Amino acid sequence: MRVFHLAYVIALGAGLGLTSAHFAVAGRPLLGMVEIGPWKAWPRSGGRDIDPYMRAWLARGVHLPLGAGEGLEMIAERDDQGWLLDGRCRYLLSGVTPTTRGWTLSVTDADGRAFRLPLDRSGFTDAEVLRDEDGSLRIAAASWPQAGNWLPLPTSGRFQLRLRLYDTPIATQAGETRPESLPRIQRIECP
Amino acid sequence: MSAAGRDSADGAVARPRDVGARVAAGIRRLLLATAAGLVLAGIVHIVTILLIPILALGDANHAYRALGTGGRAELIASAGEGRSLPLPRETDPATVTAVCSYDLANGPMRVVARTGTLPLGLTLHRSGGGVIYAITDRAAIRGVVEFVVMTEEQRDERLANDEEGESRELRVVSDTDQGLIVARVLMRQPSDKADAEALAGGVACGMAD
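Taken in order, these protein sequences are the chains called A and B.
Per the numbering used here, residue 7 is the first one in the first sequence, and the count goes up by one each step.
Per the numbering used here, residue 4 is the first one in the second sequence, and the count goes up by one each step.
#1: Which residues does DSSP list as the beta-bridge partners of Pro158(A)?
#2: Short of 8 Å Cβ to Cβ, which residues in the stretch 175 to 197 of chain B face chain A?
#3: Within the present structure, is the beta-carbon of Cys208(B) separated from the nearest heavy atom of the ligand COA by less than 8 Å?
#4: At a Cβ threshold of 9 Å, is Glu149(B) touching chain A?
#5: Nearest by alpha-carbon distance to Gly108(A): which of Thr139(B), Arg174(B) and Pro56(B) is it?
#6: What would DSSP say about Ser112(A), mapped onto helix, strand or coil?
#7: Any beta-carbon of chain B closer than 9 Å to the one on Gly38(A)?
#8: Tell me whether Gly21(A) sits in a helix, a strand or coil according to DSSP, three-state version.
#9: When you compare only the Cα positions, how much space is there between Tyr67(B) and Ala133(A)?
#10: Taking only beta-carbon atoms, is Leu41(B) less than 9 Å away from chain A?
#11: Among Cys208(B), Met210(B), Ala211(B) and Ala186(B), whose alpha-carbon lies nearest the alpha-carbon of Leu202(B)?
#12: Under 9 Å, Cβ to Cβ, is there at least one residue of chain B near Glu83(A)?
#13: For the candidate residues Val114(B), Leu33(B) and Pro56(B), whose alpha-carbon lies nearest to that of Gly73(B)?
#14: List, in chain order, every chain B residue whose beta-carbon is nearer than 9 Å to that of Leu18(A).
#15: Please check if any C-beta of chain A sits within less than 9 Å of the C-beta of Gly132(B).
#16: Give the secondary structure of Leu99(A) by DSSP, where H, G and I count as helix, E and B as strand, and everything else as coil.
#17: Under 7 Å between beta-carbons, which chain A residues line up against Ala59(B)? List them in chain order, please.
#18: Taking the alpha-carbon positions, what's the Thr94(B) to Gly29(B) distance?
#19: Using a 10 Å radius around the Cβ and a threshold of 16 neighbouring Cβ atoms, would you call Ser170(B) buried or exposed?
#20: Determine the DSSP secondary structure at Gly83(B), reduced to helix, strand or coil.
#21: If we define contact as Cβ-Cβ less than 9 Å, is Leu78(A) a contact residue for chain B?
#22: CB Ala44(B) to CB Gly19(A), shorter than 9 Å?
#23: Taking one C-beta from the stretch 121 to 133 of chain A and one from the stretch 156 to 171 of chain B each time, how about it: are there three or more such pairs within less than 8 Å?
#24: According to DSSP, Arg193(A) sits in a beta bridge with which residue or residues?
#25: Taking only beta-carbon atoms, is Asp62(B) less than 9 Å away from chain A?
#26: To the nearest angstrom, how far is it from the Cα of Leu123(B) to the Cα of Val188(B)?
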């Protein structure tokens, strides 16, 4: 009976402990995540005060995260209304970007890889994008051609938008950034 | 006869009570074992999370350990073509990355980067995970970003040798002997690729003395 209890304790401890550890770092950990509107950021991933979960997740692949003083990466999986981003829909990205030395906006799959699309454009940099007269941003994202700044999407399936801000003061105070200082993601139409 | 009948009746009453107590004790033991199992699971969880970075063999530090040992940072993309190096995950396609690995067992390492017109960032990634230092070309003095990477003991030694305080070097302390110095240059336009590669690949990283 005692052997049975001991085996039960070890099996429960090892099984639950290892399984929970695996799932905790299978994707980007929820700990340390900052949400600004539809954008998510992990500002501590590039600093000395990185938490153990982020450190473990980064060690599971070949990652070279941006340093805290170097820049900040933001990921959006949903639009402003909370719907998952879908390649069949058309989106409008508008608004402003925080003060940076340079930024890039790209379309990726869930693992951060660019899609292989017929048109060789997976994103824009701040120097490439055409702006409105008032300096604001307007990018149309769809799988079919759009006028102006067109960001091609995959024809179906989910995708992510990644906004990388280089040399930005908000890297150290991401938690206090307001959603209005980042581009909005509006779903215009969806079949 | 009547006494025997009373005895058997007492036995019949005592047995269910006995069984009930035994079941209660069993449940109590099971609950206790479950609690012990949950505590053990918590310990296993924490130890596993802390051990993953230490035991990981597929992280960036292992993948790029051979890069930049010749005193100059090497571009990951061009090195990858010949040596089948993995490309970093979740990297920005609009950046060019060069890596210099360091091992402070032989002494401190001096990193010198010349700046250009494109944004350049230098970061120190310690082995076992974590960015311990980041600097951009905005901190350049006369077009050069320069710092010396060292361990705490090496810093104490250098401070002791520099009693007059004449040295103006920027000292960066690494708590591990090994790690990576990563130079990242942002390409504003696709045509900036050659400039960005020259800037990132031009970072010098040799022995400090």
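No residue lacks a Cβ here, since even glycine has one placed at the ideal position from N, Cα and C.
Given the structure is predicted, the values throughout are model-derived calculations rather than measurements.
Taking the definition as stated:
#1: BP columns for Pro158(A) point to Ala148(A).
#2: Going along the stretch 175 to 197 of chain B in chain order, one finds Leu183, Val185, Arg187, Leu189, Met190, Arg191 and Gln192 with a Cβ nearer than 8 Å to chain A.
#3: Because no ligand of any kind appears in the structure shown, any question about the ligand COA cannot be addressed here.
#4: For Glu149(B), no Cβ of chain A is located within less than 9 Å of the residue's own Cβ.
#5: It is Thr139(B) whose Cα lies nearest to the Cα of Gly108(A).
#6: Three-state DSSP puts Ser112(A) in a strand.
#7: For Gly38(A), no CB of chain B lies under 9 Å from its own CB, so it is not counted at the interface with that chain.
#8: When secondary structure is reduced to three states using DSSP, Gly21(A) falls in the helix class.
#9: The straight-line gap separating the alpha-carbon atoms of Tyr67(B) and Ala133(A) is approximately 31 Å.
#10: The beta carbon of Leu41(B) sits closer than 9 Å to some beta carbon of chain A.
#11: When each option's Cα is compared against that of Leu202(B), the closest is Ala186(B).
#12: With a threshold of 9 Å between beta carbons, Glu83(A) makes no contact with chain B.
#13: The residue with the shortest Cα to Cα distance from Gly73(B) is Val114(B).
#14: Under the 9 Å cutoff, chain B gives Ala36, Thr37, Ala39, Gly40, Leu41, Leu43 and Ala44.
#15: Closer than 9 Å to some Cβ of chain A, the Cβ of Gly132(B) qualifies, so yes.
#16: Residue state, collapsed to three classes: strand.
#17: Those are Ala65 and Arg66, listed as they occur along chain A.
#18: Taking the straight line from one Cα to the other gives about 56 Å.
#19: Counting other Cβ atoms within 10 Å of its Cβ, Ser170(B) stays below 16 and is therefore classed as exposed.
#20: Residue placement at Gly83(B) cannot be trusted, given a pLDDT of 48 that sits under 50; the coordinates are not used to answer.
#21: Leu78(A) does not count as touching chain B.
#22: Their beta carbons are under 9 Å apart, which means Ala44(B) touches Gly19(A) by this criterion.
#23: Verdict: no, contact absent.
#24: As DSSP reads the structure, Arg193(A) sits in a beta bridge with Tyr97(A).
#25: It does: the Cβ of Asp62(B) has a partner Cβ on chain A nearer than 9 Å.
#26: Taken atom to atom, the span from the alpha-carbon of Leu123(B) to that of Val188(B) is near 5 Å.
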